[in-house]
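Participant:
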Amino acid sequence: MFNLKPIALVSGTVTCAVGFFLFIPLITEVIYKSESWQSYAVPILLYLIVGGSLVITNRNVDLNISLKEAFIITVLSWLLLTFLCAVPFLYTEVDLSIVDALFESMSGVTTTGATTLSNLESLPKGILIWRSFLQWLGGIGIVVIALFILPFLRIGGMQLFHLEGDDPYDKSLPKISSVIKKIFFIYGILTITLIFLYYIFGMAPFDAIAHSFTTISTGGFSTYDSSFAFFSSDKILLVAIIFMILGSLPFLVLVQTTKKNLFAVFKDHQIRVFILILLIGIVLIYYFANSFIDGTYLNKIIAVSFNTISIISGTGYVSENFEDWGNYASVLFLLLMFIGGCAGSTTGGLKVFRFQILFKFIHIHLKKILQPHAVIAGNFNNKKIPGSTYESVVSFFFLYIITFASSALLLSFSGLDFLTCISGAASAISNVGPGLGSIIGPEGSYSSLSIYSKLVLTVTMFLGRLEMLTIMILFLPSFWKN
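Those letters in the sequence shown? Residues 0 to 481, by numbering that gives the first Met the number 0.
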């Protein structure tokens, strides 16, 4: 039987945490002298009472959990966080429906950036900072899950980053808790630095804070309908480019980088390949699209670079309507959605390391066709890749494509056009935000979609963020047997 007490303790902790987090929009509304602050008071009180009760009654519980309980806690915590964070969208002046509120909340905590809201400039400041903070919270949340839970659960090849007998945590830092603290510190320092840079280059203080939350988390929520096009500043775009790239890198590598070892980050194979893919993408899109962009060569390069890193990192900011750049650019952007950033970062997508593992697997397979009895080993960052990792990555690729195709097919049942179905499913599963086409493209939103389509996309965002296997394993009958 499952031990429900650790699950209750974690649920209570999550509930209490959300209660405390809600003071952020409440204080924001008080500062801007809005009556909307009252909408947060009741949820805060309720969450603290219920969550506190669960924590107090289970505070002495032994947290030595089983593998099955780890799966349940991971999925349940993310779902609980989404539902709790959706409440402000229901009771504030935004007044969304339950489905829209869940969609917005899921988009926030999964750092997807798809939105059902419009006329953002007229919305209460509290709800704008809340949705931005959700992405900041989801960004650091997925980093911790990717580094310390998915390797333990052996999901999608993530065990490669926690190999037995070669544990990077034991070598560089004494305890996992110490690593987590350092990751939080780096994440916080990058956020504060970004607020300062956005402010000195022209953003208002509120906009600087909100956009710093959604840049470092590669989330993409903005305080304006036109996103970064509103600011019309190449300096702001350059700052965003740098920090979206930083958000796309493995945070464990950033933690291990010191003043004496500044360039160690480029020794990581995954980072080198990610930078190479990014540069190739920028060059190709610039070649095809530069004639469609106004301005000097520098303006064009910055615009292409900004939108390219925004898509591959899953941030979803836009500074131009890239659908006007021709079909080549749209197809390349669609491909970049699937690739994503590095494992252990805040980005979505398949992740660069899985493509590296898959190509190594294909290379080894081709060699074995010529030399059937040869023993050929693959390496990643100077570590031998176990056979189980190849199996895990191939299985993940297959499941990812099946989930994407199923999502696109389900969307088509609602009468949406082909481009909207394909790009919507790709954007949701890769946690990007904007899709392609007139409905959900760079200048559109998800507000006009049917309730059915929003529910499909909400589930797809959830599956993509927790890497599917974490969730789907719960549907195996054998999982629930003793």
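Even for Gly, the Cβ is constructed at its ideal location relative to N, Cα and C.
1. One question on the structure: do Asn118 and Asp233 come within less than 9 angstroms of each other, judged by their Cβ atoms?
2. Please classify Asn378: does DSSP put it in a helix, a strand, or coil?
3. So within the region 375-431, which uninterrupted alpha helix (DSSP H) runs reach at least 4 residues, ignoring any that extend past its ends?
4. Kindly list the residues whose CB is nearer than 8 angstroms to the CB of Gly138, restricted to its own chain and excluding five residues on each side of it in sequence; keep chain order.
5. For chain C, find out if any of its Cβ atoms is closer than 9 angstroms to the Cβ of Gly294; answer yes or no.
6. So what's Asn289 in DSSP terms, helix, strand or just coil?
7. Mind checking whether Ser290 and Asn306 have CB atoms under 9 angstroms apart?
8. Could you compute how far the alpha carbon of Val282 sits from the alpha carbon of Val431?
9. So, with DSSP's three-state summary, where would you put Val272?
10. Determine the burial state of Trp479: buried for a count of at least 16 other Cβ atoms within 10 Å of its Cβ, exposed for fewer.
11. Cα separation between Ser106 and Phe397?
12. For the region 64-71 against the region 84-96, do three or more pairs of beta-carbon atoms, one drawn from each stretch, fall closer than 8 angstroms, so that the two count as touching?
13. Count the C-beta pairs between the region 338-357 and the region 264-275 that are closer than 8 angstroms, then say yes if the count reaches three, no if not.
14. Buried or exposed, going by whether 16 or more other CB atoms sit within 10 Å of the CB of Gly414?
15. In whole angstroms, give me the CA-to-CA distance for Met202 and Ser231.
16. Can you tell me whether DSSP reads Cys15 as helix, strand or coil?
17. May I have the straight-line CA-CA distance separating Pro204 from Thr256, to the nearest angstrom?
18. Taking 6 angstroms as the limit between beta carbons, can you name the residues of its chain near Phe220, skipping five residues before and five after?
19. Please classify Ser35: is it buried, with 16 or more other beta-carbons within 10 angstroms of its beta-carbon, or exposed?
20. Is the region 44-64 touching the region 9-20, taking contact as three or more C-beta pairs under 8 angstroms?
21. Work out the CA separation of Ser65 and Phe147 for me, nearest whole Å.
22. According to DSSP, is Phe461 helix, strand or coil?
23. In chain order, which continuous runs of the alpha helix (DSSP H) of length 4 or greater are located wholly inside the region 190-244?
24. Label Pro123 either buried or exposed according to how many other C-beta atoms from any shown protein chain fall within 10 Å of its C-beta, with 16 as the threshold for buried.
25. Which residue wins for smallest C-alpha separation from Val374, given the options Tyr327, Asn380, His362?
26. Starting from Thr469 and walking both ways along the alpha helix (DSSP H), at which residues does that stretch end?
27. When you compare each of Ala145, Leu277, Lys299 to Pro249 by their alpha carbons, which one comes out closest?
28. Are the region 55-62 and the region 3-16 touching by the rule of at least three beta carbon pairs closer than 8 angstroms?
29. If you run the structure through DSSP and keep just helix, strand and coil, what is Leu8?
30. In three-state terms, what does DSSP make of Asn260?
31. Given a cut-off of 9 angstroms, decide if Ala376 and Ala328 are closer than it, judged by their beta-carbon atoms.
32. For the alpha helix (DSSP H) that contains Tyr316, what are its first and last residues?
33. Are at least three pairs of beta-carbons, each pair with one atom in the region 410-426 and one in the region 464-480, less than 8 angstroms apart?
34. Leu465 and Ala427 - do their beta-carbons sit closer together than 9 angstroms?
35. I'd like to know whether the C-beta atoms of Ser449 and Gly434 end up nearer to each other than 9 angstroms.
36. Taking just the CA atoms, how far does Ser226 sit from Gly443?
Facilitator: A quick look at the data gives this:
1. No; because the gap between Cβ atoms is not below 9 angstroms, this pair is not in contact.
2. strand
3. Segments of the alpha helix (DSSP H) lying fully in the region 375-431: 386-411, 417-428.
4. Thr110, Tyr186, Ile215, Ser216, Thr217, Gly218, Gly246, Thr345
5. Considering every chain present, this structure includes no chain C. It has just one protein chain.
6. Helix.
7. No, these two residues do not count as a Cβ contact at 9 angstroms.
8. 21 angstroms
9. helix
10. Answer is exposed; the Cβ neighbour count stays below 16.
11. 24 angstroms
12. no
13. yes
14. With fewer than 16 other Cβ atoms within 10 Å, it is exposed.
15. 11 angstroms
16. The answer is helix: DSSP assigns Cys15 an H, G or I state.
17. 30 angstroms
18. Gly112, Arg130, Ser131, Gln134, Thr213
19. buried
20. yes
21. When rounded, the distance between both Cα atoms is 15 angstroms.
22. helix
23. 204-215
24. buried
25. His362
26. Going by DSSP, Thr469 is part of the alpha helix (DSSP H) stretching over 468-471.
27. Ala145
28. These segments touch.
29. helix
30. helix
31. no
32. Element bounds for Tyr316: n/a, residue is neither H nor E.
33. no
34. no
35. Cβ atoms of Ser449 and Gly434: not closer than 9 angstroms.
36. Straight-line Cα distance between these residues: approximately 11 angstroms.
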